[in-house]
Structures are given as C-alpha cells and as structure tokens.
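For the sequence shown, the residue numbers in the numbering used here are -3 to 496. See below for the structure under consideration.
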Amino acid sequence: MKKTSWIFSDFLIGSVISLIIIGLFIGRIAFFESLEYKLYDLRAKFRKSQGPSDKITIVTIDDQSINNIGRWPWPRSIIAGLIDQISQFGPKVIGMNILFTDPDRNQGLEEISRLKTNFVNMMFQLQKKLKSKSDQELLMNFLQEMTDAEASLDNDAILSESISKAENIVLPMFFTLKSFFAGEHETKIPFLSSNTLTNIEEREKNFSVIEGFLPVVPLDLFANVSKGIGHSNLISDSDGVIRRECPVITYNGKYYPSFALQLVRVYLDLPLEKIKVVPGKELVLGKANIPLEKNTTMLIDFNGPAQTYPYYSVFDVITGKIPGTVFKDKIVIIGYMATGLTDLNVVPVGHNFPGTEIIANSIQNILEQRFIKRPPWAFKVELVTLLFCCLFITLILPRLKAKWGAIFSCVLLILIFASGFFLFINQGLWIKIFYSSFALVFGYTIITSKRFLLTEKRKELVEAESIETNKMLGLSFQGQGMLDLAFEKFRKCPIDDSVK
C-alpha cells in the first residue's frame, strides 16, 4: 500500500511538471525561448563554414580612410569618385549601405549660388543699358563661369550623376518598426511605388509579416537614378541577437524588399515581378527558393565570426591599390567599419558583428541556397518528443531506482541533444531541444529530490522511534536490577537530561 502511494505521489508530481512544461512550450514564453536560442547559438558555432563567397566584395569606410581623407561625413564628390573608380572594373551591382537623407552641406556652394542669383538680377537691370555686344558677351561668359563653378561645387549633383552613369547602384532605406502616431497616414514618396513587390500569394494560415512605419529614404536626387532601393532593417530576436534576415517589410499594405534581396535581384538581372512572396512559407527569386518562417523572416546561416569576408579600404580603392579583378562581375557592398560609425551587433557566432557583413551573409545564403530552416514537421516532432519525455517522468521514472532513473534520463538526454545537433550542423534543420531536455532534467531532479527528502524524513522517524524504545527498555531493565542490559540500551541513546 505504501509503495502504491509512493508511486501515485510521483505520478502526480510528474503530471504537474509535464503540464507546466507543455504549457511553456505552446505559450512560447520569452524567457524560455531565449534558453532555446542559446542552444541554437551553440549549434551555429559548430556548423561548418563554407567560407566567404568569391562573388561578394566589401569596401569599407574604415579608420585608415578617415585618417587619410578626413573625418566623416566626406564631401559626396568623394563617394562619387569611389563609385566611378569601382564602376570602371565592371561589377554587376554596387550596394551603397550609406543612407543619404539630407542635402550635402556646402557653404561654398551656398555662397556662389547667392552671388549668382544677385548677378542675374543685376544683369536684368543693366541689360538695356549695355549697348555694346562685347560687354553683354563678357557678362554672359562670367555668368557661365559662375554656373560651371556652382556645378563643380554641387556634390549632390556630382554623386547623382555617378549613380546614374553606373546604372547598377542599390540604395538603402529604413523603416521605424513601431508606430508612434495613432492613425498614421501614408507618406507620399513617389519612387517607393517602383520598388514594391506585387507578386504576393497569401495562401498560408497563421502567418505574419513585419510592418514598417515612417520610412527614412534617400534623397529623390539619388533614389530616382538608382537601380533599386531596399530596406536595411536588422531584426533581432527577444534576446537581442540577430539570427534572421527580413526579406520583406510591409508598409501601408505594400511589400518592400530588403537591401540584400535587391542586391541579389540586380546581380541576377531579374525584374521585381520575378520575385514571388508566399508569406510564412517561401520567397521565390528566379530559380532561387528561400524558406521563410511564420513571421516571413529568413534564418541566416553565418559563415563565421566577424571579418570572415575580406575588407577593402575606401582609401586603397581610390588610390588604385586594389586590382580590378576584386570587383569584376561581383556584388560590391560599400559600408562603414570606422570606429564610431559602424553598427556592431550580436549574432549567434559572435559579438561586435558589422551590419554590412550580416548583409553579405544573407546574400551568400540566397546565392548558394544554403539556409537554416524550420522544417514543416518540426513542431510535431518537438511535441511528440516532449510528450514522450513527460510520459517517462510521469509513468516510468517513479518505478525506477535512482541509479537506473539517472541512466535512462541521461540516455534520453544524449539522444535528444545528438539528434538536435546532427540535424542542425549537417542538414541545417532547426529542431527545438530545450523543452524536452528541460522536462527530463527538471522532472528527474524534482522526483529524485522528493524521494530523498521523504527517505530522510522516514529515517528520522525510525531513529526517533528506536531511541524511545531503547529508553523504555533501559529504564525497565534498570528497575529490575538488570544493570548490564540496561547499560547496553542506554548506550544506543543520545545523551540528554532524561538519562543522566
């Protein structure tokens, strides 16, 4: 009867633990999801790197460039010269991961524009008084020289011309991911309409797409002559780690591609109409098929820690130190790496990871069709495994001795970890292993601890009963004059006032 009661008690404890853990698994509590993410990161570090793609070149605005050219921001004529220098070597696409949202501030240009305006007004006033044709020609020549000087100082116009000539420049934009204004209305930005995705098939159930607000976009002068514009938002998980690329973001019901996706599209020479999005399932880009999570994001398969890709300094490029073969038929990404300018992020394979290199990893994943993905059957497998572990701690573990319980629990734990790591490292399949592992470890710990505490309590009760029995027998023998027997009984009792 006692043994049956013991087993029933363990069954009750196992059932309660099982219900709690199953609830956590289905509810996806942020804290427990972060523990699964830690196991994800551990597996990501063990996944074999394929090395950086030879189709991607990263040009950086680094400390060397800042020291030699001057502090940032540079005159945009320098960026124009950089584009011209790279374009002559024939890259397929150049991604400017620099957001130019405001006109270039140039006091010289402002002053000469003011003087030109005043001079034109003065010419209109003097035109009738100047009868000599040579005087009129002299003034017109001077006006032309002022116009030429104005053009030479207009760095925005120079950069716009370089972007136009290159015909393969992709620019970034940025969305605010939280709406701060109730009833926010669409901002009318004409060139955004030419960068929307229209081939959308919303046929999946329970999908979501990240929504953007208040777009921060490049100047019209640059956007209108670019090859494409894509959002450069980096999406982190609940623990602050970036594991995903967000290939599309919705804004006022329209879908906009990411900066990385636009670079791949231009590299493959595909129109926007060739991008088909099935939110929550897949994104088709020509012959490339990108698996998407339920929130329409793509898990990034990182090739290694920061600076796995070679970086080329802007200063070295401008001064002609980099051979043209580095850029020929490549995807060239221009971004920040200088201290205080670059955005450093936490990713599964390390800390202080530049945003530009996250984009490079996303591009390589798409080009090489190498992804981390959650297979369609992942949830079912995880649930079945968790239920099996719960049945083990509820029905089997209570019937086993502590030693055998530990052995069987360890074997199951090893099998779960081995399967999860093998599928992730070799197949790129992410199966959650935390909840099943937690059920085994937590269940075994609680049930074994309960047994130990009950055993200790029963031992104390037995010892207390034995002491009382020895006392009574000792006193009885003492009263009968059997002192030797009484002494033997008193020796088995702890010394207290009652036996002194």
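Glycine residues also receive a C-beta, built at the ideal position from the N, C-alpha and C atoms.
Where the beta strand (DSSP E) containing Glu278 begins and where it ends: Within the sequence shown, the letter at position 282 stands for residue 278. Glu278 to Leu281 is the extent of the beta strand (DSSP E) around Glu278.
Distance, Cα to Cα, Thr338 vs Gly331? The residue given as residue 338 occupies position 342 in the sequence shown. The residue given as residue 331 occupies position 335 in the sequence shown. Straight-line measurement puts the Cα of Gly331 at about 8 Å from the Cα of Thr338.
DSSP three-state call for Lys(-1): helix, strand or coil? Stepping through the sequence shown from its first residue, residue -1 is reached at position 3. Because the pLDDT of Lys(-1) is 49, which lies under 50, any placement of that residue in the model is unreliable, and the question is left without a value.
Rounding to the nearest angstrom, what Cα-Cα distance links Leu318 and Leu188 in this structure? Locating residue 318 in the sequence shown gives position 322, where the first residue counts as 1. Locating residue 188 in the sequence shown gives position 192, where the first residue counts as 1. Sequence check: residue 318 is Ile here, not Leu. When rounded, the distance between both Cα atoms is 35 Å.
Identify whether Arg366 lies in helix, strand or coil by the three-state DSSP scheme. Taking the sequence shown and counting its residues from 1, the one referred to as residue 366 is at position 370. In this structure, Arg366 counts as coil in the three-state DSSP scheme.
Ordered along the chain, which non-local residues of its own chain (more than five positions away) have a Cβ less than 7 Å from that of Phe21? Residue 21 sits at position 25 when you count from the first residue of the sequence shown. Non-local C-beta neighbours of Phe21 in its own chain, meaning closer than 7 Å and more than five positions away in sequence, comprise Leu382 and Tyr431, ordered along the chain.
Residues in the same chain with beta-carbon distance under 7 Å from Ile355, minus the five sequence neighbours each way, listed in chain order, please. The residue given as residue 355 occupies position 359 in the sequence shown. Setting aside the 5 residues that flank it on each side, Ile355 is surrounded in the same chain by Asn93, Phe255, Ala256 and Ile329, each with a C-beta closer than 7 Å to its C-beta; the list follows chain order.
Selection from Pro490, Gly224, Ser433 and Gly226 that minimises the alpha carbon distance to Ile17: Reading the sequence shown from its first residue, position 21 is the one you call residue 17. Selected option, being the one with the closest Cα: Ser433.
Quick check on DSSP: helix, strand or coil for Ala284? In the sequence shown, counting from the first residue as 1, residue 284 sits at position 288. Strand, per DSSP.
Which partner residues of Asn341 appear in the DSSP bridge assignment? As a position in the sequence shown, residue 341 is number 345, starting the count at 1. DSSP output for Asn341 lists Phe349 as bridge partner(s).
Exposed or buried, which one is Glu198 when buried takes at least 16 other CB atoms within 10 Å? Translated into positions along the sequence shown, residue 198 becomes position 202. Per the 10 Å Cβ criterion, exposed.
What's the call for Gly282, buried or exposed, on a 16-neighbour Cβ count within 10 Å? As a position in the sequence shown, residue 282 is number 286, starting the count at 1. By the neighbour-count definition (other C-beta atoms within 10 Å, threshold 16), Gly282 is an exposed residue.
Between the stretch 242 to 250 and the stretch 297 to 313, can you find at least three pairs of beta-carbon atoms closer than 8 Å? Too few Cβ pairs lie closer than 8 Å, so no.
Do Gly401 and Ile13 have their beta-carbon atoms positioned less than 7 Å apart in this structure? Indexing the sequence shown from 1 puts residue 13 at position 17. Indexing the sequence shown from 1 puts residue 401 at position 405. It is not a contact, given that the beta carbons lie outside the stated cut-off.
Would you mind sorting Val260 into buried or exposed? The rule is 16 or more other CB atoms within 10 Å of its CB. Counted from its first residue, the sequence shown places residue 260 at position 264. With 16 or more other CB atoms across the displayed protein chains lying within 10 angstroms of its CB, Val260 is buried.
Between Phe417 and Arg72, which are expected to be in contact by the criterion C-beta below 8 Å, what is the C-beta distance as a whole number of angstroms? By one-based count along the sequence shown, residue 417 stands at place 421. By one-based count along the sequence shown, residue 72 stands at place 76. By a beta-carbon distance limit of 8 Å, Phe417 does not contact Arg72. Their separation comes to about 49 Å.
Terminal residues of the continuous alpha helix (DSSP H) containing Phe375? Here residue 375 corresponds to residue number 379 of the sequence shown, with the count starting at 1. From DSSP, the alpha helix (DSSP H) with Phe375 extends over Ala374 to Leu387.
Using C-beta distances below 8 Å, list every residue in its chain close to Ile421, excluding the 5 sequence neighbours before and after it, in chain order. Here residue 421 refers to the residue found at position 425 when the sequence shown is read from its first residue. Taken in chain order, the residues that qualify are Arg39, Phe42, Arg43 and Lys44.
One question on the structure: do Phe203 and Lys290 come within less than 7 Å of each other, judged by their Cβ atoms? In the sequence shown, residue 203 corresponds to position 207, counting from 1. In the sequence shown, residue 290 corresponds to position 294, counting from 1. Yes.
Return helix, strand or coil for Val495, following the three-state DSSP convention. The residue given as residue 495 occupies position 499 in the sequence shown. Any reading at Val495 needs caution, since the residue's pLDDT is 45, under 50, leaving its predicted position unreliable; the model's value is listed next. Val495: helix per DSSP, three-state reduction.
C-alpha distance - Leu497 paired with Phe209, whole-angstrom precision: The chain is shown only over -3 to 496; residue 497 falls outside these bounds and no answer can be derived.
Opposing strand residues paired with Asn195 [DSSP bridges]: Start at 1 with the first residue of the sequence shown, and residue 195 comes out as number 199. DSSP lists Lys272 as the bridge partner or partners of Asn195.
Taking Gly336 as the reference, which of Thr315, Pro186, Ile62 and Gly224 has the closest Cα? Within the sequence shown, numbered from 1, the residue matching residue 336 stands at position 340. If we check each option's Cα against that of Gly336, Ile62 comes out closest.
From which residue to which residue does the alpha helix (DSSP H) around Lys399 run? To locate residue 399, count along the sequence shown from 1; it is residue 403. Its alpha helix (DSSP H) spans residues Ala398 to Phe418.
Under a three-way DSSP split, which group does Phe171 fall into? For the purposes of this step, residue 171 is identified with residue 175 of the sequence shown, where counting begins at 1. The answer is strand: DSSP assigns Phe171 an E or B state.
Taking the continuous beta strand (DSSP E) assigned at Ala41, which residues delimit it? On the sequence shown, residue 41 is found 45 positions in, with the first residue counted as 1. The amino acid at residue 41 is misidentified as Ala; the sequence shows Lys. First-last for Lys41: Ala26 to Phe42, but that is the alpha helix (DSSP H), not the beta strand (DSSP E).
Within the continuous beta strand (DSSP E) that includes Gly320, where are the two ends? Position 324 of the sequence shown holds residue 320. In the DSSP annotation of this structure, Gly320 is not part of any beta strand (DSSP E), being labelled neither H nor E.
As assigned by DSSP and simplified to three states, the class of Gly10: To locate residue 10, count along the sequence shown from 1; it is residue 14. Gly10: helix per DSSP, three-state reduction.
As a quick exercise: from Ile54, Pro214 and Asn195, pick the residue whose alpha carbon is nearest that of Thr97. Walking along the sequence shown from the start, residue 97 turns up at place 101. Nearest C-alpha to Thr97: Pro214.
For Val205, collect the residues of the same chain with a Cβ closer than 6 Å to its Cβ; drop the 5 residues on either side in sequence, then sort them by chain order. By one-based count along the sequence shown, residue 205 stands at place 209. Cβ neighbours of Val205 beyond the five flanking positions: Thr246, Pro275 and Thr292.
Pick from Thr53, Arg24 and Thr315: whose alpha carbon is nearest that of Glu353? In the sequence shown, counting from the first residue as 1, residue 353 sits at position 357. Among Thr53, Arg24 and Thr315, the Cα nearest to that of Glu353 belongs to Thr53.
Mark Ser158 as exposed unless 16 or more other C-beta atoms lie within 10 angstroms of its C-beta, in which case mark it buried. Residue numbering aside, residue 158 sits at position 162 when the sequence shown is read from its first letter. Looking at its Cβ environment, which holds 16 or more other Cβ atoms inside 10 Å, Ser158 is buried.
How about Leu95: is its Cβ closer than 6 Å to a heavy atom in the ligand MN? No copy of the ligand MN occurs in the structure displayed, which carries no ligand at all.
Looking at the structure shown, is Tyr307 part of a helix, part of a strand, or coil, going by DSSP? The residue you call residue 307 lines up with position 311 of the sequence shown. In the structure shown, Tyr307 sits in a strand (DSSP, three-state: E or B).
Do the stretch 224 to 242 and the stretch 341 to 351 make contact, defined as three or more Cβ pairs closer than 8 Å? Yes, the stretch 224 to 242 touches the stretch 341 to 351.
Measuring alpha carbon to alpha carbon, tell me which residue in Asp152, Leu78, Ile90 and Asp59 is nearest Pro99. Here the question's residue 99 lines up with position 103 in the sequence shown. That would be Asp152, whose Cα lies nearest to the Cα of Pro99.
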